[in-house]
């Protein structure tokens, strides 16, 4: 149904994109909850049905474009990915972002419209430094309570 869908992907949105054939997903891509992929707009209805816009004898057409997600990408929850966008490899889209332009390789983008807010390699290094200090498993309630709640009481 997608143009392509890679290996080792995690797909969590509850809605299926309207034009899946216009979406390409690479390998090792994580798409978090409620991400929307917008592959078209219907501005043609406005242009064709308003006297304000003079189309002459021409009729505007349904506008659509592709979305390409390269390898090793994470798209945070509640983000919107607009048509015509490529999200390049090793990139992160922060939760709640509206991506209207290409995302360069190795960047972290966030906001509306999404802009570069960091670099995935820097986040990796930061997380790697604290790896041994944090709980490993969300199901280890004692470990979680000790790390997140009991530290606060001391």
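Numbering (the working numbering), first residue to last: 1446 to 1599.
Ideal Cβ positions, reconstructed from N, Cα and C, are used throughout, including at glycine.
query	result
Going by DSSP, what residue range makes up the alpha helix (DSSP H) through residue 1589?	1586-1590
Looking at the strands, I want to know which residues DSSP matches up with residue 1485.	1509
Among residues of its own chain, excluding the 5 on either side of residue 1546, which ones have a beta-carbon nearer than 8 Å to its beta-carbon?	1530, 1558 and 1559
Return the residue from the list 1492, 1466 and 1472 that minimises the CA-CA distance to residue 1483.	1466
What is the rounded straight-line gap between the Cα of residue 1587 and the Cα of residue 1538?	32 Å
Mind pulling the alpha helix (DSSP H) runs of 4 or more residues that sit fully within the stretch 1537-1587?	1565-1574
Is residue 1516 near residue 1474, with beta carbons less than 9 Å apart?	yes
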